[in-house]
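Quick note: the sequence shown uses full-length UniProt numbering, first residue 1, plus one each step.
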Amino acid sequence: MLMHNPPHPGEVLRELCLEPLGLSVTAAADALGVSRKTLSAVLNGKAGISPEMAIRLSIAFDTSAESWLNQQSQYELWHAEQHRKELNVKRLVAA
Numbered sequence: 001m002l003m004h005n006p007p008h009p010g011e012v013l014r015e016l017c018l019e020p021l022g023l024s025v026t027a028a029a030d031a032l033g034v035s036r037k038t039l040s041a042v043l044n045g046k047a048g049i050s051p052e053m054a055i056r057l058s059i060a061f062d063t064s065a066e067s068w069l070n071q072q073s074q075y076e077l078w079h080a081e082q083h084r085k086e087l088n089v090k091r092l093v094a095a
């Protein structure tokens with residue numbers, strides 16, 4: 001079952017991981033081994049969580065990579081579902 005309008009994983013990352021630890025974007029990016037620009041794009045919803053980023057986050061915050069990828073998948077699927085009726089797809093049935 002899809003969550004109603006799930007938050008972007010970047011929002012979750014900012015609110016549940018960075019802010020409670022008092023981490024700046026620069027400090028978090030350094031710890032994750034990514035550029036500030038890359039992390040900022042994720043935090044601002046301009047980029048998604050890649051499998052590699054999911055692993056980095058799982059190591060840094062003692063979480064599972066799967067949890068980050070699941071959040072990304074749920075976010076993307078919910079947004080895609082909002083345009084379901086616009087898709088030009090025909091149902092296939094056995095002949």
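All C-beta atoms in this analysis are idealised placements derived from N, C-alpha and C, irrespective of residue type, glycine included. Please read all numbers here as calculations on a predicted model, not as lab measurements.
Cβ distance (whole Å) where ILE49 is taken to contact GLN71 below 8 Å: 7 Å
Endpoints, the alpha helix (DSSP H) within which THR26 is located: Element bounds for THR26: 25-32.
Residue closest to ILE55, alpha-carbon to alpha-carbon, out of LEU21, SER40 and ALA31: ALA31
Residue burial classification, ARG14 (beta-carbon count within 10 angstroms, cutoff 16): buried
C-beta atoms of THR63 and LEU69 nearer than 8 Å: no
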